[in-house]
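Line order of the protein sequences matches chains A and B.
According to the working numbering, the first sequence holds residues 1 to 733 in order.
According to the working numbering, the second sequence holds residues 734 to 889 in order.
Okay, so here's the structure we're looking at.
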Amino acid sequence: MSTPELVTVTVDDREIRIPKGTGLIETALACGVEIPVFCYEPRLGAPVGACRMCLCEVEGMPKLQAACTMTAQDALVLRTAQTSEKAAEGQRAILEFILLNHPLDCPDCDKGGECPLQDLTFRWGPGNTRMHFPKRTFDKPIPISPVISLDRERCILCYRCTRFSEGVAEDMQLVARNRGAQSIIATFEDEPYRAHFSGNVTELCPVGALLPATYRFRARPWEIDNVPTVCGLCPVGCNVWATTREGKVARILSRNHPEVDDGWLCDKGRFTFDHLRADDRIKQPLKRVRRRGFDPVAWEEAAEEAARGLGEAEGSVVVAFSGGETNEQAGALARLARQGLGSNAAIVPDDLDPAVDGFRAPLAAIRDAEVCVVLGDEPVVDRAPVVDLWLRAARRAGADVITIHPAGSIGVSPGSAAHVARSLAEPGTAPPEFRELADQLRDTQRVALVWSGDDHDRGRRAAALAAALGLGEGSGLYVLPRTPNGRGVSSAWRAAGEGRGEEPPEDGEIGALIVSGDEAGYDPRVARLSERARFVLTTAMFMGDHTLWSHLVLPGTSYLERDGTVVNLEGRAQRQRRAVDPPFPDELEFFAEVGERLGLPVSPRPDEPSPALQAELPPRSRPGALSEPAPPPSPNGTGPGLELVTYRSLFSGPGVERVEPLAFQRPRAELELSFADADDRGISTGDAVLVVGADGVGRELTARVNRRLRAGVVRVADEHADGFARHVEVGKV
Amino acid sequence: MPESDLYREIQRVADRYPVRRSAIMPALHLAQGKHGWLSPDALREVADALDLSPAYCQAVASFYDMYHLEPVGRHTVEVCTNISCALVGAQQVLEAFEEELGVHAGETTEDGEITLRTIECLGGCGWGTVVAVDHRYREPVKPEDVPGILEELRGG
Ligand code: SF4
Ligand code: SF4
Ligand code: FES
Ligand code: FES
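As structure tokens, then:
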């Protein structure tokens, strides 16, 4: 990039040399001068100049100017309210105007104490009001969804929320209706704002108009602590503040890491914290007594029992990881099993091939790519939500974003990612559309390659494609893991023994099975293993099917209750801090105790987690020898009826399912079908359809026509596809 | 799901724009023509045809006076109450209509025949008060002209 031209700008008599085109708000800041703003927020795109809070005097211009809409030009002389009485007068007038209809109900407003409107009025506003008429009133607060409430009286019409909805998340669900003084913020009719990123508007709103309903009347700013930690619910690893009051988590806020999340969070990350207080949370060790009954036991007894069960199983222990453990937890468990109990069999999620790290790049680099290619059937927004925002930012910046899956810009049959990747890597024999794309990618400097789904070969096929395309600096490969810390857990497992160890034995009796966490318990493979295990030890936060087949159940902790390190999809090691204490010893302490009884040193704090508040991305690893990718899975073949593709919704999983206010976000019992298939069958969106699998399993679902979906394919969230085969018949009820 | 005529008509209009969503205004007009007003279902249809959200379509429609977000009668009487017309007695004209029709501005007569509305500047400021009767301008209108206008409308 060329070096930008420097220009001289004067702000309140201070001269500065600054790149031409820098915003005046930033220019002033660089001079140590703060210009107050409401609507200005660079992450929302071009400034709109809606609130006029930033009025300043610009030499040569007769009227006050909105500084946020102007940029640094040579010889520009700016006077802010600090040196210009005219500007100060203008700002006071603007604040008086903004407050005309503002209810000033600060004493019972949850924003009070951390409200930009309060702060700016205090610093820059008039001391009293001349408004003696009744103010405009509205019903308040109204829920725009079960997690967000809107108080229209407090709204100052800065359009931050609607600009987010239209220009960042691009869901276009939150809009301004009517015009001028009659404008109101609204959703369509009475429909809830149902989108993956809706909660961000509660942080963007500079007043108490949009607030998290879950925080209503919960705390005041002077009685809370904000703990810097990292979200543990998906492999993005967004940086967050956990707001706690009296030892309880009251809300989650973003803590902008510009390379990872740009200050955005998904609704799962923002609102799932209440799972900590779920009714069925396990709070003490439970020991199986009768076939399905459990008795609470003391920790001593539990440790004794675990040591006995595991000790007897020496050499025949299988560990099933969730992929949500910290590196430290996984390391302790891995050492216990591999070094202590001589057992190397495990189910380890997301054990990515190291070759992937040869193409590592920060997530923010996606935004600067010229071409982005997304391969795989799992919706990016459900697997690693914030990656979807980076891709949208790339498209807005002019990138070509090519998605290759059954509902993609190039529609392919389900399960084709590996085939397509091979075609792109060896275009000689590929169909013409992929040959063209391969040429385009080879001619492009900055490519972002996102791999979402198709986990069978541990990212090797994706790495082979990245190597074939010669992705250099500025480009990046992003293999989206299935689990939040699968990458860290699998490294910890490898480090504790010789390499990857073994797969669990196919048949025969197993001495002991350790199920680490609820996610592992949900895995049907683990459930099948449990039937062959003499002793099953499960750590879990909640009761469920997976605890019922255990012999010993220990209370599990949440990512908000742990201290340790997690590795995100980029390969960035980040620190999770304990926001609140778990109501019992955590897994690490328990397994250390068990280790001690077995004479194995598993220290409770083996590694010192990094103290960094904003972790850096390690450099790319040297491209090593690339091991041969596994052959692409055989295609589904043609069956009778329509081909079924399922996906895991973001709002599925043991924690989020227990958060009542998020129930409206759970995947609907819905069948997506292409326009052509709907047309053939006379089906419209909203119709009830009967879906019948090859084995005769039938279920009624609601149809939704998706014009992007490829003909011959139907899509269902996996929790509504239970028992279906790969092909289904669909008919109108 | 057979594609509706409206869907196809909107596609034809959208094809004339470099960015398809720019066709939203004519698309809303088409939908209003078909449905009589922009009901939630009509807005959903427009959104589907242009790959926009219903909320976005509703936001655009609510900005302009020409789109009806409530059902309207067979005829519309729209009285300009913007500044120039206001200065020459638009309020009295409006009140005369209200009295004659027995409805308030924004309402429709009980027989579903006539909807009375206020509207922003119609661009005939030199000849106020301007009244659009079924989209045809009457100017200048005085309160005493009102009975005649309505008689004509009911008769014709
Ligand atoms: S609700 Fe808040 S963010 Fe949205 S326009 Fe009003 S003040 Fe701005
Ligand atoms: S995108 Fe992932 S890491 Fe970020 S808030 Fe959501 S679940 Fe948490
Ligand atoms: S901050 Fe400049 S106009 Fe709102
Ligand atoms: S003000 Fe009535 S037509 Fe312009």
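Cβ atoms here follow ideal geometry from the backbone N, Cα and C, with glycine treated the same way.
Being a predicted model, the structure only gives us computed values, none of them experimental.
| Check | Outcome |
| --- | --- |
| Under 7 angstroms, CB to nearest heavy atom of ligand 3: contacting residues | 37(A), 38(A), 39(A), 40(A), 47(A), 49(A), 50(A), 51(A), 52(A), 53(A), 54(A), 66(A), 67(A), 68(A), 69(A), 158(A) |
| DSSP state of residue 790(B) mapped onto helix, strand, coil | helix |
| Beta-carbon spacing of residue 540(A), residue 564(A) below 8 angstroms | no |
| Rounded straight-line distance, which links the Cα of residue 787(B) to that of residue 812(B) | 29 angstroms |
| Cβ separation of residue 269(A) and residue 231(A), assumed to be a contact under 8 angstroms, to the nearest whole Å | 4 angstroms |
| Beta-carbon proximity of residue 653(A) to residue 360(A), cut-off 8 angstroms | no |
| Touching by the beta-carbon criterion (3+ pairs, under 8 angstroms), the segment 757-768 of chain B and the segment 791-800 of chain B | yes |
| Beta bridge counterpart(s) of residue 717(A) as assigned by DSSP | 647(A) |
| Residue 776(A): CB within 7 angstroms of a non-hydrogen atom of ligand 1 | The requested residue 776(A) does not occur in the structure, where chain A is confined to residues 1 to 733. |
| Interfacial residues, the segment 768-783 of chain B to chain A, with Cβ spacing under 9 angstroms | 773, 776, 777, 780, 781 |
| Beta carbon proximity, residue 787(B) to chain A, threshold 8 angstroms | yes |
| Of the residues 776(B), 795(B), 873(B), 749(B), the one placed nearest residue 825(B), counting alpha carbons only | 873(B) |
| Endpoints, the beta strand (DSSP E) within which residue 568(A) is located | Unbroken run through residue 568(A): none, as it is neither H nor E. |
| Option nearest residue 279(A) by Cα separation, candidates 566(A), 542(A), 466(A) | 542(A) |
| Rounded Cβ spacing between residue 688(A) and residue 725(A) (contact assumed at less than 8 angstroms) | About 21 angstroms; that fails the 8 angstroms criterion. |
| Heavy atom of ligand 2 within 7 angstroms of residue 236(A) beta-carbon | yes |
| Counterpart residues of residue 402(A) in DSSP-defined beta bridges | 373(A) |
| Neighbour list for residue 819(B) in chain A, Cβ cutoff strictly below 7 angstroms | Ordered by position in chain A, no residue passes the 7 angstroms Cβ test against residue 819(B), which lies about 16 angstroms from the chain. |
| Endpoints, the alpha helix (DSSP H) within which residue 493(A) is located | 486-495 |
| For review: beta carbons within less than 6 angstroms of any heavy atom in ligand 4 | 813(B), 815(B), 816(B), 817(B), 818(B), 854(B), 855(B), 856(B), 857(B), 858(B), 861(B), 863(B) |
| Span separating the alpha-carbon of residue 481(A) from that of residue 567(A) | 11 angstroms |
| Inter-stretch contact (C-beta, 8 angstroms, three-pair minimum) for the segment 147-154 of chain A and the segment 175-195 of chain A | yes |
| Integer-rounded CB distance, given that residue 323(A) should sit under 8 angstroms from residue 489(A) | 5 angstroms |
| Whole-angstrom distance between residue 312(A) and residue 342(A), CA atom to CA atom | 12 angstroms |
| Best match in 104(A), 57(A), 338(A) for proximity to residue 83(A) [C-alpha to C-alpha] | 57(A) |
| Spatial neighbours of residue 734(B) in its chain, beta-carbon cut-off 6 angstroms, leaving aside the 5 residues before and after | Low per-residue confidence applies at residue 734(B): pLDDT is 45, beneath 50, and the placement is therefore not dependable enough to give any value. |
| For residue 174(A) and residue 185(A), believed in contact at Cβ under 8 angstroms, the rounded distance | 7 angstroms |
| Simplified DSSP state of residue 784(B), which is helix, strand or coil | coil |
| Whole beta strand (DSSP E) elements within the segment 320-353 of chain A, 3-residue minimum | 345-347 |
| Interface flag, residue 796(B) vs chain A, CB-CB below 8 angstroms | yes |
| Three-state class that DSSP yields for residue 728(A) in the structure shown | strand |
| Straight-line gap, residue 674(A) to residue 784(B) (C-alpha atoms, nearest Å) | 15 angstroms |
| Residue 187(A): contacting residues in chain B (beta-carbon distance under 7 angstroms) | 788 |
| As assigned by DSSP and simplified to three states, the class of residue 86(A) | helix |
| Close Cβ partners of residue 613(A) (< 7 angstroms) along its chain, the five nearest in sequence each way excluded | 228 |
| Residue 581(A) versus residue 430(A) - alpha carbon distance | 56 angstroms |
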